[in-house]
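Trainee: Convert by adding 7 to the 1-based position in the sequence shown; the result is the number in the working numbering. C-beta: ideal position from N, C-alpha, C; glycine also. Because the structure is a prediction, the values reported are computed rather than measured.
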Amino acid sequence: MSTLTKAGIVDYIYERTDKNRAEIKDLVETILEIMKSAVKKDHALLISGFGKFEAYDKRARKGRNPQTTQTITLPPRKVVVFRLSRKFRAELNP
8 MSTLTKAGIV DYIYERTDKN RAEIKDLVET ILEIMKSAVK KDHALLISGF
58 GKFEAYDKRA RKGRNPQTTQ TITLPPRKVV VFRLSRKFRA ELNP
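(1) DSSP on K47, reduced to helix/strand/coil?
(2) In the DSSP assignment, what residue or residues form a beta bridge with S58?
(3) State yes or no: is the C-beta of E61 within less than 8 Å of the C-beta of R96?
(4) For D18, which three-state DSSP category applies?
(5) State the Cα-Cα distance for the pair D33 and A67, rounded to the nearest angstrom.
(6) Between D64 and the rest of its own chain, which residues show a CB-CB distance below 7 Å, the 5 nearest in sequence each way excluded?
(7) Between the C-alpha atoms of I31 and I41, what's the straight-line distance to the nearest angstrom?
(8) In whole angstroms, what is the alpha-carbon distance linking R93 and H50?
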């Protein structure tokens, strides 16, 4: 199994269009920036037929350093989760 990278996406689009690589790379970067800003600002990004990215706050919690077994407090943080759309889930699990 291999992982699709940003460069792989650029190559995939390049092979199927008449645009040059630089234009495609800029386009992909722009799309990713739009997606990141939507998650930061609205805490959610919905792509119909694909899924939804949601950001939420996690509270501070107690944790343990596995090397020293010392109890520590982990600071609050933001976490992003991805939920598949029903349509995409049905395609993955026929």
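Mentor: Put simply:
(1) The sequence position of residue 47 within the sequence shown is 40, counting from 1. In the structure shown, K47 sits in a helix (DSSP, three-state: H, G or I).
(2) In the sequence shown, the residue the question calls residue 58 occupies position 51. According to the sequence displayed, residue 58 carries Gly and not Ser. When beta bridges are read from the DSSP output, G58 appears opposite I54, L91.
(3) As a position in the sequence shown, residue 61 is number 54, starting the count at 1. As a position in the sequence shown, residue 96 is number 89, starting the count at 1. By the CB criterion at 8 Å, E61 and R96 fall outside the cutoff.
(4) Residue mapping note: residue 18 aligns to position 11 of the sequence shown, counting from 1. The DSSP-derived three-state label of D18 is helix.
(5) Sequence index remark: in the sequence shown, residue 33 carries index 26 (1-based). Sequence index remark: in the sequence shown, residue 67 carries index 60 (1-based). Using only the alpha carbons, I get a separation of about 38 Å.
(6) Taking the first residue of the sequence shown as position 1, residue 64 is located at position 57. Excluding positions up to five away in sequence, the list reads P83, K85.
(7) As a working mapping, residue 31 is identified with position 24 in the sequence shown. As a working mapping, residue 41 is identified with position 34 in the sequence shown. For I31 and I41, the distance between alpha carbons rounds to 15 Å.
(8) By 1-based counting over the sequence shown, the position of residue 93 is 86. By 1-based counting over the sequence shown, the position of residue 50 is 43. Roughly 21 Å between the two C-alpha positions.
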